[in-house]
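Participant: If you're matching positions, the sequence shown starts at 1 in this note's numbering and goes up one per residue.
Note that beta-carbon positions come from the ideal geometry of N, C-alpha and C, so glycine has one too.
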Amino acid sequence: MTCQRVAADLPEAFHPVNSVDYLPRQLLRHLQSMRLRQTVAAAYQHFPLLRQRMHKQRIAPEDIRTIDDLVKLPFITKTDLTDGDPDDWLAAPKEKIVRYQTVALLPGKVFTVPFTVADLRLWHQLLVRCLAACGLERSDVVLLPGGRYLFSQAAMLSSALEALGAAVVLSPATHPDQLLPTIKRLGVSAICTPASYMLAMVEQCQRHGAELRGLALRMALLFGEPTSQQTTQRIEQAAEVKVFEFFGLDELFNPGLAGQCPVGGLHVLEDHCLAEIIDPTSGAPLPDGQSGELVLTTLGREAMPLVRYRTGVQTALVPEPCVCGRTLRCIRPIAQQGQQLLSVQGVSVWASQIEAVLQAVVGAVPPYRIVPATADGWGQVELQVEVTPQIIRDQVAALETLHAKLCEQLESAIGVAWSVRLVEPHTVGRQRS
Ligand SMILES: [Zn+2]
1 MTCQRVAADL PEAFHPVNSV DYLPRQLLRH LQSMRLRQTV AAAYQHFPLL RQRMHKQRIA
61 PEDIRTIDDL VKLPFITKTD LTDGDPDDWL AAPKEKIVRY QTVALLPGKV FTVPFTVADL
121 RLWHQLLVRC LAACGLERSD VVLLPGGRYL FSQAAMLSSA LEALGAAVVL SPATHPDQLL
181 PTIKRLGVSA ICTPASYMLA MVEQCQRHGA ELRGLALRMA LLFGEPTSQQ TTQRIEQAAE
241 VKVFEFFGLD ELFNPGLAGQ CPVGGLHVLE DHCLAEIIDP TSGAPLPDGQ SGELVLTTLG
301 REAMPLVRYR TGVQTALVPE PCVCGRTLRC IRPIAQQGQQ LLSVQGVSVW ASQIEAVLQA
361 VVGAVPPYRI VPATADGWGQ VELQVEVTPQ IIRDQVAALE TLHAKLCEQL ESAIGVAWSV
421 RLVEPHTVGR QRS
């Protein structure tokens, strides 16, 4: 085969760091099976709860030979992680741990995720692949905005972008009046940020008569929170950009588990992350195409190798191969992660927390809506609550008391300040907008 022929066979968006994305399935399966055996051996050796469950099911690490044997293994849940001693989920000596990341896995329950140098290197490699997969080039200039809410992933993302050869613009600014001159002067071609920040920027530009269209901007790289189809469309239309989503989980790598290709497939990096879909009630594996709970097994994680980790994420594995030519399977876009509604100033917020405060203050859970960003600035949210006709009939003072109580209790329960607006009945639906 000539060099010209090889070049002609490569997809247009091919980048050398993505070569593993195109492995023939048989080779990928061999690689996955080898890494699965290593993961299971390490997890069995270091995690008492998993060992106990495997003994109960009469399974030994030697019984896991290929990825077909995965279904024999017990699940690990978020509760398993948060209720146990964190050291019971540590598979590397403490002196090898170079980073701890605390994450709120469940309402009010925090877990500390350990990383070794090898884990951070792996995360970096996965991010570089995700960023290259969406077609970023050396000529791209990528803005990482953040201000006082600068996200914790910014350092890893900027390092991965620089490794690709793109120019990174780190900016503390959040307001379009401050950002637009930089976007224009440096020819920013991509903005990398959580979806709610990007949406806030688009809406602020519209309010201030600023125009994101007609600039060099061509991509929005969104991560860190589920993104609805409406949000994606709104951003794409208002800013004339193509949206690319990256999927991850704080307890594994976030982002860095799956990334979108130019034709829209959300490819799981299966050489380092085995994906299954199960029935959330029975735990039975579901066929490709059927929606259920995403279960992930890490392949190559050193400090905390997890087998059959129940993520709480609702999605499905796409049965058809992606037309981009990658052999990695795709999952459907993530619209919601279990009960988690959104991330507010870096704090995970669950519907149950909001509803518990409403129940305590109002005495019921009236229809409510969370608007992720307001005119007050990025990272801010507004909770809109329908008040009952009874309250409306009462004095203004009663409304003021209700408003003050909701603000106070939300901040106390969730840990961040909230803007609350009381609205008339039948004006909002439940859940975030
Ligand atoms: Zn694809």
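Can you name, in chain order, every residue of its own chain whose Cβ lies under 8 Å from the Cβ of W123, other than the five neighbours on each side?
Facilitator: Answer for W123: F115, M156, F253 and G256, listed in chain order.
Participant: Okay, do the stretch 241-250 and the stretch 37-47 touch, 3+ Cβ pairs below 8 Å being the bar?
Facilitator: Result no; under three Cβ-Cβ pairs closer than 8 Å.
Participant: Let me check understanding here. Comparing Cα to Cα, which of Y44, A200, E236 and L186 lies closest to R213?
Facilitator: Out of Y44, A200, E236 and L186, E236 has the C-alpha closest to the C-alpha of R213.
Participant: In the DSSP assignment, find the beta strand (DSSP E) that holds C469 and state where it starts and stops.
Facilitator: Absent from the model: residue 469. The displayed extent of the chain is 1 to 433, so no value can be given.
Participant: Give the C-beta separation of L199 and L164 to the nearest angstrom, bearing in mind that I take them to be a contact with Cβ-Cβ under 8 Å.
Facilitator: With 8 Å as the limit, L199 and L164 do not qualify as a contact, their Cβ atoms being about 25 Å apart.
Participant: Taking C-beta to C-beta, are P226 and I354 nearer than 8 Å?
Facilitator: Contact: no.
Participant: May I have all residues whose beta carbon comes closer than 7 Å to any heavy atom of ligand 1, sorted in chain order?
Facilitator: Output, sorted by chain position: C261, V263, G265, H267, C322, V323, C324, R326 and C330.
Participant: Nearest-angstrom Cα distance between R436 and A160?
Facilitator: An answer regarding residue 436 cannot be provided, because it is not within the stretch 1 to 433 covered by the chain.
Participant: Three or more C-beta pairs under 8 Å: does that hold for the stretch 42-51 against the stretch 65-84?
Facilitator: Cβ pair count under 8 Å is three or more, so yes.
Participant: Could you round the C-beta distance between V142 and C192 to whole angstroms and report it? I think they count as a contact, below 8 Å.
Facilitator: The pair is a contact, with the Cβ atoms about 5 Å apart (cut-off 8 Å).
Participant: Take L180 and list the residues in its own chain whose beta-carbon comes closer than 6 Å to its own, dropping the five residues that flank it on each side.
Facilitator: Excluding positions up to five away in sequence, the list reads A210.
Participant: If we count the other Cβ atoms within 10 Å of its Cβ and call it buried at 16 or more, is S19 buried or exposed?
Facilitator: It counts as exposed.
Participant: Given that a residue counts as buried once 16 or more other Cβ atoms are within 10 Å of its Cβ, and exposed if not, what is V110?
Facilitator: The residue in question, V110, is exposed, as its Cβ has fewer than 16 Cβ neighbours within 10 Å.
Participant: So, helix, strand or coil for H267, using DSSP?
Facilitator: Correct three-state label for H267: strand.
Participant: So if DSSP puts V145 in a beta bridge, which residue, or which two residues, is it bridged to?
Facilitator: The sequence as given places Pro at residue 145; Val does not occur at that position. S171, per the DSSP bridge assignment.
Participant: Relative to the alpha-carbon of T102, which residue among V113, K96, G108 and K94 has its alpha-carbon at the smallest distance?
Facilitator: For T102, the nearest C-alpha among the options comes from V113.
Participant: With DSSP run on the structure shown, which of helix, strand or coil describes A118?
Facilitator: If DSSP states are grouped into helix, strand and coil, A118 belongs with the helices.
Participant: Please tell me whether R218 and A190 are closer than 8 Å, where the distance is taken between their beta carbons.
Facilitator: The answer is yes: Cβ separation under 8 Å.
Participant: Quick one: what does DSSP say R53 is sitting in, helix, strand or coil?
Facilitator: DSSP places R53 in helix when its eight states are reduced to three.
Participant: Roughly how far, in whole angstroms, is the beta-carbon of L221 from the beta-carbon of F246, given that I think they are within contact range, below 8 Å?
Facilitator: L221 to F246, Cβ: 7 Å. Contact.
Participant: When the Cα of V362 is compared with those of E400, C330, V17 and H55, which residue comes out closest?
Facilitator: Ranking the options by Cα distance to V362, first place goes to E400.
Participant: How long is the line joining the alpha carbons of M99 and D83, rounded to whole angstroms?
Facilitator: Here residue 99 turns out to be Arg, not Met, going by the sequence shown. Near 21 Å, if we compare the C-alpha coordinates of D83 and R99.
Participant: The beta strand (DSSP E) spanning I191 covers which residue range?
Facilitator: Where I191 is concerned, the enclosing beta strand (DSSP E) stretches over A190 to T193.
Participant: Just the Cα atoms here: how many angstroms apart are A41 and P61?
Facilitator: Each residue's alpha carbon lies about 6 Å from the other.
Participant: Residues in its own chain within less than 7 Å of L11 by CB, not counting five upstream and five downstream?
Facilitator: The amino acid at residue 11 is misidentified as Leu; the sequence shows Pro. If we look at P11 and ignore the five residues flanking it on each side, its Cβ neighbours are C324 and G325.
Participant: What whole-angstrom Cβ distance do L269 and R129 have, given they're in contact under 8 Å?
Facilitator: 6 Å between Cβ atoms; contact.
Participant: Inspect the beta-carbon positions of V385 and L358 and report whether they are closer than 8 Å.
Facilitator: Result yes, Cβ atoms of V385 and L358 sit closer than 8 Å.
Participant: Nearest to E137 by alpha carbon, out of D279, Q125, A166 and Q153?
Facilitator: The residue with the shortest Cα to Cα distance from E137 is A166.
Participant: Could you give the DSSP three-state label for M456: helix, strand or coil?
Facilitator: Beyond the ends of the chain as shown, which are 1 and 433, falls residue 456; an answer cannot be given.
Participant: Taking the C-alpha atoms as reference points, what is the distance between G377 and P287?
Facilitator: Reliability fails at G377, whose pLDDT of 46 lies under 50, so the model's placement of it is uncertain and no value is given.
Participant: In or out: G224 buried (at least 16 other Cβ within 10 Å) or exposed?
Facilitator: G224 should be labelled buried.
Participant: Can you tell me where the alpha helix (DSSP H) holding L252 begins and where it ends?
Facilitator: Premise fails: L252 is in no alpha helix (DSSP H) and is neither H nor E.
Participant: Quick check on DSSP: helix, strand or coil for P285?
Facilitator: Three-state result, P285: strand.
Participant: Check this for me: beta carbons of A91 and A43, under 8 Å apart or not?
Facilitator: Taking 8 Å as the Cβ cut-off, A91 and A43 qualify as a contacting pair.
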